[in-house]
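Chemist: Before I ask anything, here is the structure I am working with.
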Amino acid sequence: MDLQVVADTPLRKRTNLRALAAAIGKPKSTVHEWVKRGMLRSHSNAIKPYLTEANKISRLRFCLDQIEPHTIPNSPAFKSFHNVLHIDEKWFFMSKTSQKFYLLPEEEDPYRACKSKRFIAKVMFLCVVGRPLFGENKELLRDGKVGIFHFTEKMQAKRKSKNRERGVVEVKAITSVTKQITKEMLINTVIPAIQEKWPSQLSKIIQIQQDNARPHIQGIDTDFVAAGNSNGFQITLCNQPPNSPDLNVLDLGFFRAIQSLKDQCAPSTVADLLDAVEGAYNALSPETLNKVWLSYQQVLTKIMEHEGGNNYKLPHMGKDRLARAGTLPDSLSIDIGLIQKTSTLLGEQNGAINADMVEFNNEEGDEYFSSELN
1 MDLQVVADTP LRKRTNLRAL AAAIGKPKST VHEWVKRGML RSHSNAIKPY LTEANKISRL
61 RFCLDQIEPH TIPNSPAFKS FHNVLHIDEK WFFMSKTSQK FYLLPEEEDP YRACKSKRFI
121 AKVMFLCVVG RPLFGENKEL LRDGKVGIFH FTEKMQAKRK SKNRERGVVE VKAITSVTKQ
181 ITKEMLINTV IPAIQEKWPS QLSKIIQIQQ DNARPHIQGI DTDFVAAGNS NGFQITLCNQ
241 PPNSPDLNVL DLGFFRAIQS LKDQCAPSTV ADLLDAVEGA YNALSPETLN KVWLSYQQVL
301 TKIMEHEGGN NYKLPHMGKD RLARAGTLPD SLSIDIGLIQ KTSTLLGEQN GAINADMVEF
361 NNEEGDEYFS SELN
């Protein structure tokens, strides 16, 4: 069978085996056999954010910002990111609208009903992570997890029900998270947590990176600046390029890992949901988080290779194998030719990075570590 007929079939007619079989005039069993033999492969395709030319330029400038200046041109490499924190929000739901269960043959199918999926309980969490820090002997000095904070409030029950008495204090999710609420979360919860957990080996000059969601405050907010500059810290807030969730480590797999662990707990109340999400967050190892940061550096490279686009596929780096061999790098190297090409696209002449391109990344290599860590 010449499989070229499959390649010539429009993608919209190849969304399932039955549709493909009908399009090429073959039995579905035949097409299924091709899949089993590896002659066809299944592919799940996610729609990616549309990028304008301005978006691509912004992404390229951002990627150049992440290169350690003193490594150019001899051995270009990305920064260690130990003074960078990524934050992002995510809704966690009590239950999915479509859920798979494993039942005994004689068991009845479970019945679940709800007026609308809008009534499924959900809680928004704000997650804050940094790069884990390991010593010379691979001992853990910092796990990189600042915290995962929920947008909830405590309220007294106004009426008696079968589940609780009137007046009992309940935890309720805040379903409308405004700019003022996110500001209070940053100033009253996130910044104190950062300052409390920040290791003494690192500089107190810290950058928080967020996306461009409307409820987010800007880094010039006077209240945030005052809180960020307290207790000897200099904490700044900057936005990642627009339409670029791939430039936040939380969207590169960390949230998916939390979701997977949370689903193992099957929460039935808001309090259970909070415990499940926080437990899943705490259960993720620093090694897993560190691997996500390395994937982030791979993303930066691929964005430059694709001239700011997001139509790329990350190669398998074999991080587990490298970790077992003790050769997992701290920072990935990058070809000087790619830097020069990217700089040319941005109007530069020789591949150098202008000062205004690194204003949020004042990291100067080893100065952030005590002498015994060098």
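The numbers in this note's numbering rise by one with no breaks, and the one at position 181 of the sequence shown is 181.
We treat Cβ as the ideally placed atom computed from N, Cα and C, and that holds for glycine.
In this text the structure is predicted, and so the values were computed from the model without any measurement.
Where in the region 181-246 do unbroken runs of the beta strand (DSSP E), each at least 3 residues long, occur, reported from the N-terminal end onward?
Modeler: Runs found: 205-210 and 234-239.
Chemist: Taking 7 Å as the limit between beta carbons, can you name the residues of its chain near Leu141, skipping five residues before and five after?
Modeler: Residue numbering aside, residue 141 sits at position 141 when the sequence shown is read from its first letter. Excluding residues within five positions, the ones whose Cβ falls inside 7 Å are Leu133, Phe134, Gly135, Pro199 and Gln201.
Chemist: Do the CB positions of Gln298 and Leu332 come within less than 8 Å of each other?
Modeler: Residue mapping note: residue 298 aligns to position 298 of the sequence shown, counting from 1. Residue mapping note: residue 332 aligns to position 332 of the sequence shown, counting from 1. Against a cut-off of 8 Å, the Cβ pair of Leu332 and Gln298 comes out as a contact.
Chemist: Could you have a look at Phe101 and say whether DSSP puts it in helix, strand or coil?
Modeler: As a working mapping, residue 101 is identified with position 101 in the sequence shown. Phe101: coil per DSSP, three-state reduction.
Chemist: Nearest-angstrom Cα distance between Arg14 and Ile47?
Modeler: Along the sequence shown, one-based indexing puts residue 14 at 14. Along the sequence shown, one-based indexing puts residue 47 at 47. Straight-line Cα distance between these residues: approximately 17 Å.
Chemist: Taking all protein chains shown into account, do 16 or more other C-beta atoms lie within 10 angstroms of the C-beta of Asp8, making it buried, or fewer, making it exposed?
Modeler: Here residue 8 corresponds to residue number 8 of the sequence shown, with the count starting at 1. Burial call: exposed.
Chemist: Taking 8 Å as the cut-off, decide whether the C-beta atoms of Val128 and Val190 are in contact.
Modeler: Walking along the sequence shown from the start, residue 128 turns up at place 128. Walking along the sequence shown from the start, residue 190 turns up at place 190. Yes, the pair counts as a contact, with Cβ atoms nearer than the cut-off.
Chemist: Just to confirm my understanding: we take Phe255, look at its own chain, exclude 5 residues before and 5 after, and list those with CB closer than 6 Å. What are they?
Modeler: For the purposes of this step, residue 255 is identified with residue 255 of the sequence shown, where counting begins at 1. Hits under 6 Å: Lys90.
Chemist: Ile235 and Ile217 - do their beta-carbons sit closer together than 8 Å?
Modeler: Here the question's residue 217 lines up with position 217 in the sequence shown. Here the question's residue 235 lines up with position 235 in the sequence shown. For Ile217 and Ile235, no; Cβs fall outside 8 Å.
Chemist: What do you reckon, are the CB atoms on Tyr50 and Asn243 nearer than 8 Å?
Modeler: Your numbering for residue 50 matches position 50 in the sequence shown. Your numbering for residue 243 matches position 243 in the sequence shown. Yes, they are a contact pair.
Chemist: Grab the span of the alpha helix (DSSP H) containing Leu85 for me, first residue to last.
Modeler: Reading the sequence shown from its first residue, position 85 is the one you call residue 85. Not the alpha helix (DSSP H): Leu85 falls in the beta strand (DSSP E), residues Val84 to Phe93.
Chemist: Buried or exposed for Arg12, please, with buried defined as at least 16 other CB atoms from any protein chain shown within 10 angstroms of its CB.
Modeler: For this step, residue 12 is matched to residue 12 along the sequence shown. Counting Cβ neighbours within 10 Å, Arg12 comes out exposed, since fewer than 16 surround it.
Chemist: Are Asn83 and Pro241 close, meaning C-beta to C-beta below 8 Å?
Modeler: Working through the sequence shown from its first residue, we reach residue 83 at position 83. Working through the sequence shown from its first residue, we reach residue 241 at position 241. The answer is no: Cβ separation not under 8 Å.
Chemist: Straight-line CA distance for Ala323 to Trp293?
Modeler: Position 323 of the sequence shown, counting from 1, holds the residue named residue 323. Position 293 of the sequence shown, counting from 1, holds the residue named residue 293. For Ala323 and Trp293, the distance between alpha carbons rounds to 14 Å.
Chemist: Can you list, in chain order, the residues of its chain whose CB lies under 7 Å from that of Gln195, leaving out five sequence neighbours each side?
Modeler: Reading the sequence shown from its first residue, position 195 is the one you call residue 195. Taken in chain order, the residues that qualify are Asn231 and Phe233.
Chemist: Following the continuous beta strand (DSSP E) through Ala121, name the residue where it begins and the one where it ends.
Modeler: What you label residue 121 is simply residue 121 of the sequence shown in a count that begins at 1. Here Ala121 belongs to no beta strand (DSSP E), and DSSP marks it neither H nor E.
Chemist: Below 7 Å, is the gap between the Cβ of His216 and the nearest heavy atom of the ligand MG?
Modeler: This structure lacks the ligand MG; in fact it carries no ligand of any kind.
Chemist: Alpha helix (DSSP H) containing Val6: first to last residue?
Modeler: Mapped onto the sequence shown, residue 6 falls at position 6. It spans Gln4 to Ala7 - the alpha helix (DSSP H) in which Val6 sits, taken as one unbroken run.
Chemist: With H, G and I counted as helix, E and B as strand and the rest as coil, what does DSSP make of Met155?
Modeler: For the purposes of this step, residue 155 is identified with residue 155 of the sequence shown, where counting begins at 1. Three-state DSSP puts Met155 in a strand.
Chemist: Please list the terminal residues of the continuous beta strand (DSSP E) segment that includes Ile57.
Modeler: For the purposes of this step, residue 57 is identified with residue 57 of the sequence shown, where counting begins at 1. Run containing Ile57: none in the beta strand (DSSP E); it sits in the alpha helix (DSSP H), Glu53 to Asp65.
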